[in-house]
Amino acid sequence: MVESLSVLGVSFILSSFCGIFLIPFLHKLKFGQEIREEGPSWHKKKSGTPTMGGIIFIIAMILATVGGVIAYKYLLPEKNLKGIFLMLGMAFAFGVIGFLDDYIKVILKRNLGLTAKQKFSLQFIVAVVFTVWFVASGVISTEVKIPFTGIEFDFGYFYIPFTVLVMLATVNSVNLTDGLDGLATSVTIVIGIFYMIISNMRGHDAVALYSSALIGGLFGFLIFNKYPAKVFMGDTGSLFLGGAVCSMALYTKQPIILIIIGLVYVIESLSVIIQVTYFKKTGKRIFKMSPIHHHFEMCGWSESKIVSVFVVVTIMLCVVGYFA
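Listed below in structure tokens is the structure:
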């Protein structure tokens with residue numbers, strides 16, 4: 076645990092300092108967020124707030140992770156070292172897709188960024204490549220722990236399509252959750268803490284170090300991302316976080332547990348699917364606006380209240396997940 080806390084602290088410091096210097100730079104480059112017309116009207120005042128801020132915690136996490144590996148290499152067997160860099164590589168690859176999306180939005184001034192087909196294709200390629208890489212390298216097997224049963228079910232040849240589905244669902248759900256100041260950041264911090272605790276208790280040294288770097292980087296970023304946000308993480312950050320969360324679930328053989336601890340992500344996605352499907356069939360809406368955090372906004376909840384409630388719910392779900 077001492078090693079985890081030291082990596083967390085280093086990542087926090089790096090992220091804090093990155094934010095201090097990088098946010099003015101993003102302002103100077105005019106990397107401001109364009110607010111969608113169909114979003115809540117009061118969000119228009121956020122237009123121009125620097126985006127692509129996910130670079131802040133990505134840099135901090137990478138440096139802290141590499142530093143942790145160098146400092147504590149004597150504690151980590153070769154398999155764990157492979158695992159750390161594969162998890163980091165997977166999150167980074169998804170982050171690159173997000174960066175391309177943000178670049179098109181901000182620099183080329185096309186507000187929707189990559190087309191849905193382009194984004195899905197790139198995500199699918201990354202998911203397949205890293206799933207195969209994880210298994211082929213021997214870092215993980217094709218077994219998956221079934222929550223609350225103690226059973227490890229071997230998916231065999233179905234493991235790759237199953238895992239790819241989990242990756243795509245997780246990454247895009249985290250992306251949808253990033254719609255309010257500090258929301259995706261705060262919820263993911265809680266999930267990161269969950270993984271840091273269980274990995275230290277169960278001997279997953281790679282995940283312990285990795286999750287600690289993630290938590291520290293996000294806490295440093297939250298200084299600037301909490302309401303009222305001075306910077307947004309953009310798709311660069313949200314897709315990176317989706318990849319990071321999913322990689323920890325895969326390494327610990329618990330991708331199914333994401334349905335529990337990441338229920339906020341799941342509900343955000345389902346609210347969009349339900350809203351679109353119902354509207355196409357009936358011409359009516361179930362929610363005042365989707366994703367569901369906007370529904371609560373339209374009901375009069377403040378951004379801070381929504382974030383607080385979603386964080387508390389995630390904490391409770393992580394407690395349940397601990398016993399799974």
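Heads up: the sequence shown at position 70 corresponds to 145 in my numbering, and the numbers run straight through without jumps.
Idealized CB from N, CA, C, for every residue including glycine.
This structure is a prediction, so every number in the text was calculated from the model and none was measured.
Is the beta carbon of residue i sitting closer than 7 Å to the one on residue j?
i	j	result
GLY318	THR126	no
GLY170	ILE137	no
MET276	SER286	no
ALA139	PHE315	no
TYR340	VAL246	no
ILE381	ILE342	no
LEU392	ILE335	yes
SER377	SER346	no
GLY403	VAL214	Beyond the ends of the chain as shown, which are 76 and 399, falls residue 403; an answer cannot be given.
ILE349	VAL265	no
How is the beta strand (DSSP E) around residue i delimited, first residue to last?
i	result
ASP229	226 to 229
LYS400	There is no way to answer for residue 400, as the model of the chain reaches only from 76 to 399.
Count the other CB atoms, across all protein chains shown, that sit within 10 Å of the CB of residue i; report buried if there are 16 or more and exposed otherwise.
i	result
LYS355	exposed
GLU218	exposed
PRO303	exposed
GLU227	exposed
LEU104	exposed
LYS194	buried
PHE385	buried
PRO99	exposed
PHE223	exposed
ILE172	buried
LEU240	exposed
Tell me where the alpha helix (DSSP H) around residue i begins and ends.
i	result
LYS363	Where LYS363 is concerned, there is no enclosing alpha helix (DSSP H), given that its DSSP letter is neither H nor E.
CYS393	378 to 397
SER274	258 to 277
LYS192	191 to 211
PRO99	77 to 103
TYR234	234 to 252
Taking C-alpha atoms, which residue in the options lies nearest to residue i?
i	options	result
GLY257	SER383, SER274, LYS194, ALA202	SER383
VAL77	ASP253, GLY254, LEU284	LEU284
ILE131	GLY295, VAL201, VAL210, VAL203	GLY295
ILE200	GLU218, ALA168, SER216, VAL214	ALA168
SER81	SER261, ALA288, PHE269, MET165	ALA288
ILE235	SER216, ASP253, GLU227	SER216
TYR178	LEU101, ALA259, MET364, PRO222	LEU101
THR263	GLU372, VAL241, LEU293	LEU293
TYR232	GLY254, PHE223, THR206	THR206
GLY454	SER274, GLY254, TYR353, GLY358	With the chain represented from 76 up to 399, any question about residue 454 goes unanswered, as that position is not in the structure.
ILE156	VAL282, LEU197, LEU97	Correcting the residue identity first, residue 156 is Leu in this sequence and not Ile. For LEU156, the nearest C-alpha among the options comes from VAL282.
GLY291	PHE209, ALA191, GLY213, GLY143	GLY143
Between residue i and chain D, is any beta-carbon pair separated by less than 7 Å?
i	result
GLY295	Any reference to chain D falls outside this structure, which holds one protein chain only.
Could you name each continuous alpha helix (DSSP H) segment of 4 residues or more that falls completely within the segment 129 to 185, going from the start of the chain to the end? The qualifying runs are 129 to 147, 153 to 181.
Completely contained alpha helix (DSSP H) runs for the segment 284 to 344, where each covers 4 or more residues: If you keep only unbroken alpha helix (DSSP H) runs of at least 4 residues inside the segment 284 to 344, you get 309 to 326, 333 to 336.
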